[in-house]
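Under my numbering, the first residue of the sequence shown carries the number 61, and numbering increases by one thereafter. For every residue, glycine included, the Cβ atom is placed at its ideal position computed from N, Cα and C. Here is the structure we will look at.
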Amino acid sequence: MNKLSTVLLSSLMLSTSINAFAGVQIGGTRVIYNEKDKEVSVQLRNPDDKAFLVQSWTETESGAADKTFAVTPPLFRLDAKQNNALRILFRGAPLAADRESLYWLNVKAIAASNSPEIKNQLQLSVKTRIKLIYRPSALGKSGPVESASGLKWRRSGNSLQVTNDSPYYMNFSALTVNGKPLENVTYVAPHASKLFALGSAQSSGKVEWKVFNDYGVASQAFQTNF
Numbered sequence: 061m062n063k064l065s066t067v068l069l070s071s072l073m074l075s076t077s078i079n080a081f082a083g084v085q086i087g088g089t090r091v092i093y094n095e096k097d098k099e100v101s102v103q104l105r106n107p108d109d110k111a112f113l114v115q116s117w118t119e120t121e122s123g124a125a126d127k128t129f130a131v132t133p134p135l136f137r138l139d140a141k142q143n144n145a146l147r148i149l150f151r152g153a154p155l156a157a158d159r160e161s162l163y164w165l166n167v168k169a170i171a172a173s174n175s176p177e178i179k180n181q182l183q184l185s186v187k188t189r190i191k192l193i194y195r196p197s198a199l200g201k202s203g204p205v206e207s208a209s210g211l212k213w214r215r216s217g218n219s220l221q222v223t224n225d226s227p228y229y230m231n232f233s234a235l236t237v238n239g240k241p242l243e244n245v246t247y248v249a250p251h252a253s254k255l256f257a258l259g260s261a262q263s264s265g266k267v268e269w270k271v272f273n274d275y276g277v278a279s280q281a282f283q284t285n286f
């Protein structure tokens, strides 16, 4: 087999594998764990014709190993056309009572096979990572959208600084300056500030932003001048 054929075959195999892993679907883009909850369930669905091995675990905001939450079952087989649910349980570690705490739920899937030939094939796994937000009871029934208009913005060097005086994580679905979207925009933690790089030198202008609500839906647009 010549070099070009080998490359084309490898690309085809990789594409096929990646498409297969797209079969495991998570029922949501984030998990809100209210303090009063005994546990929270996350639905998984496999619409594919193949089975998958699914491994799940949590991490801290920085990506370190976490013992604050337990996920069960941590490892299981999700057969073709089947659904299952992950149960997330809070272990009772002391967390801040006046603001949200952020963790990550990781779900890794790898194609399952009973064939011995699988040992001679390249095995790929796909990991999905979604936010797991712990919300203390003291915050009541409101959420990030109700506080999003209170974000404060100012220019800091070649960056745009946002200050979040609320107890909620503000996850941005959109952020523009003078009508131009900023890149690599993520979130700002409660009672904290964060810098986002300005694409070009802009000393002043209009900032417009949207945040995600608890269901992963973008809010209405908010705007101010800086």
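Tell me whether the segment 212–220 and the segment 192–204 touch, counting them as touching only if at least three CB pairs, one residue from each stretch, are closer than 8 angstroms.
In the pairwise beta carbon analysis, the segment 212–220 is classified as not touching the segment 192–204: fewer than three pairs are separated by under 8 angstroms.
In this structure, how does DSSP classify serine 207 when only helix, strand and coil are distinguished?
Three-state result, serine 207: helix.
Secondary structure of leucine 199, DSSP reduced to three states:
The answer is helix: DSSP assigns leucine 199 an H, G or I state.
Please list, in chain order, all residues of the same chain as proline 133 whose beta carbon is under 7 angstroms from its beta carbon, the five residues on each side excluded.
Here the set comprises nothing.
Under a CB-based cut-off of 8 angstroms, is alanine 169 close to chain B?
The structure shown has no chain B; it contains just one protein chain.
Closest by C-alpha distance to tyrosine 247, when choosing among Asn238, Asn273, Ala172 and Ser264:
Closest by alpha carbon: Asn273.
By how many angstroms is the C-alpha of tyrosine 275 removed from the C-alpha of leucine 135?
About 26 angstroms.
Closest by CA to leucine 113, which one among Tyr163, Phe232, Leu211 and Ser173?
Nearest Cα to leucine 113 within the set Tyr163, Phe232, Leu211 and Ser173: Ser173.
Using the Cα positions of glutamine 280 and lysine 270, report the straight-line distance between them to the nearest angstrom.
Taking the straight line joining both Cα atoms gives about 6 angstroms.
Tryptophan 269 (DSSP reduced to helix, strand or coil)
Here tryptophan 269 sits in strand by DSSP.
Does DSSP put proline 133 in a helix, a strand or coil?
Assigned with DSSP and collapsed to three states, proline 133 falls in coil, not helix or strand.
Short check: CB of valine 102 to CB of glycine 88, under 8 angstroms?
With respect to the 8 angstroms criterion, valine 102 and glycine 88 are classified as neighbours on the basis of their beta carbons.
Hey, phenylalanine 282 and alanine 171 are a contact pair by Cβ (cut 8 angstroms); roughly how many whole angstroms apart?
Taking a contact as a CB-CB distance under 8 angstroms, the pair phenylalanine 282 and alanine 171 does not count as one, their CB atoms being some 44 angstroms apart.
Name the DSSP beta bridge partners of glutamate 119, please?
For glutamate 119, which the question treats as bridged, DSSP gives the partners Ala125 and Trp164.
Specify, as a first and last residue, the run of the beta strand (DSSP E) that lysine 141 falls within.
It is not in any beta strand (DSSP E) - lysine 141 carries neither H nor E in the DSSP assignment.
Option nearest serine 260 by Cα separation, candidates Asp139, Lys254, Thr236 and Gly152
For the residues Asp139, Lys254, Thr236 and Gly152, the minimum Cα distance to serine 260 belongs to Thr236.
Could you check which residue in Asp139, Arg147, Leu211 and Arg90 has the C-alpha nearest to that of lysine 98?
If you compare the alpha carbons of Asp139, Arg147, Leu211 and Arg90 with that of lysine 98, the shortest gap goes to Arg147.
Run of the beta strand (DSSP E) containing leucine 242, from where it starts to where it stops
For leucine 242, no beta strand (DSSP E) segment is defined, and its DSSP state is neither H nor E.
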